[in-house]
Amino acid sequence: MQTNQNISDSNAVNAAALAATGEVSIRTRDLDLFYGDFQALFGVSVDIKPGIITSLIGPSGCGKTTLLRSFNRINERYGNVTTNGEISILGKNIYDADVSLPELRKSVGMVFQRPNPLPISIYDNIVFGLRAHTPRGELKRGMDLDEVVESALREVQLWEATKNKLKDKATSLTLEQQQKLCIARLLPLKPRIILMDEPCSALDADGIERVEELINELRERFTIVMVTHNMGQAKRASDECIYMYLGKIIEHSSTAELFLNPKEEQTAMYIEGRYG
Numbered sequence: 000m001q002t003n004q005n006i007s008d009s010n011a012v013n014a015a016a017l018a019a020t021g022e023v024s025i026r027t028r029d030l031d032l033f034y035g036d037f038q039a040l041f042g043v044s045v046d047i048k049p050g051i052i053t054s055l056i057g058p059s060g061c062g063k064t065t066l067l068r069s070f071n072r073i074n075e076r077y078g079n080v081t082t083n084g085e086i087s088i089l090g091k092n093i094y095d096a097d098v099s100l101p102e103l104r105k106s107v108g109m110v111f112q113r114p115n116p117l118p119i120s121i122y123d124n125i126v127f128g129l130r131a132h133t134p135r136g137e138l139k140r141g142m143d144l145d146e147v148v149e150s151a152l153r154e155v156q157l158w159e160a161t162k163n164k165l166k167d168k169a170t171s172l173t174l175e176q177q178q179k180l181c182i183a184r185l186l187p188l189k190p191r192i193i194l195m196d197e198p199c200s201a202l203d204a205d206g207i208e209r210v211e212e213l214i215n216e217l218r219e220r221f222t223i224v225m226v227t228h229n230m231g232q233a234k235r236a237s238d239e240c241i242y243m244y245l246g247k248i249i250e251h252s253s254t255a256e257l258f259l260n261p262k263e264e265q266t267a268m269y270i271e272g273r274y275g
């Protein structure tokens, strides 16, 4: 039985501790999603566990990014979106009337396909979210922003590279560093879940390796759900995989099981490169 707690409860247990209870971080039931008259998701029901990395895989247009963006309702920014069914985050239905979208997106952070640092300083990128979500009086009273910035940058292995240029524009960083900064920017808000939409697609091989290492280090503290077209990355970086096709979940299992012993012929055809 899921605990019906506030999604944004920053005192809640971390992902590894939640996993030990047998609960799930994300649960969907009979989820349909439409862009206008076009149906992108069909009856999607899935449980996503905490403390692991789950990859969404499948051919282009299969609905994996649509599903990912449903978890913090960011799809609704694109207009004319209709959903049926249920999405629960940490036991709370995100379509309940009392759910605040800013609080939901604070707790369910997003890393996009191409790094999108704000065109301001490295320092201000890190504290931007805190300033947006925290009353000014609280920021002045009890929070050392310098410590917040250093902690976030250390967590993503950027502190040594940036500590002497925190006032430089974030856009001056390499693409790999920009993507790490985008991850660091989420951390002061204490998210429970991090969604990643092809986070390495703009990076070279060395950058991919280092960002994958970072994602692996974050796994026990956060629920991580990642869209990837890179089958090698899915095998290396994830614990479970969800294979989607034409807006439906075809197969969901451990990564090893899905790649070594897929139960569905469609899955086997895709991972063997016979289509997609």
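Under numbering that gives the first Met the number 0, think of the first position of the sequence shown as 0, with each following residue one higher. Every residue, glycine too, gets a C-beta built ideally from N, C-alpha and C.
{"Asked": "Whether S24 touches R191 by CB criterion (9 angstroms)", "Found": "yes"}
{"Asked": "Cutoff 6 angstroms; reference Q177; Cβ partners in own chain excluding five residues on either side", "Found": "P114, P116"}
{"Asked": "Minimum C-alpha distance to L257 - residue among L202, Y269, C240", "Found": "C240"}
{"Asked": "Terminal residues of the alpha helix (DSSP H) in which Y244 lies", "Found": "First-last for Y244: 239 to 244, but that is the beta strand (DSSP E), not the alpha helix (DSSP H)."}
{"Asked": "Counterpart residues of L32 in DSSP-defined beta bridges", "Found": "L40, T82"}
{"Asked": "Nearest-angstrom beta carbon gap, K63 and M268 [assumed within contact, 8 angstroms]", "Found": "With a Cβ gap of about 17 angstroms, M268 and K63 do not count as contacting."}
{"Asked": "For M109, the residue or residues it bridges with in DSSP", "Found": "L194"}
{"Asked": "Coil, strand or helix - R220 by DSSP", "Found": "coil"}
{"Asked": "Close-in-space but distant-in-sequence residues of the same chain around M195 (CB under 6 angstroms, 5 per side omitted)", "Found": "V110, M225"}
{"Asked": "Counted within 10 angstroms of its Cβ, other Cβ atoms place F221 as buried (16 or more) or exposed", "Found": "buried"}
{"Asked": "Among I51, N83, E271, the one whose alpha carbon lies nearest that of N27", "Found": "The sequence shown places Thr at residue 27, not Asn. It is N83 whose Cα lies nearest to the Cα of T27."}
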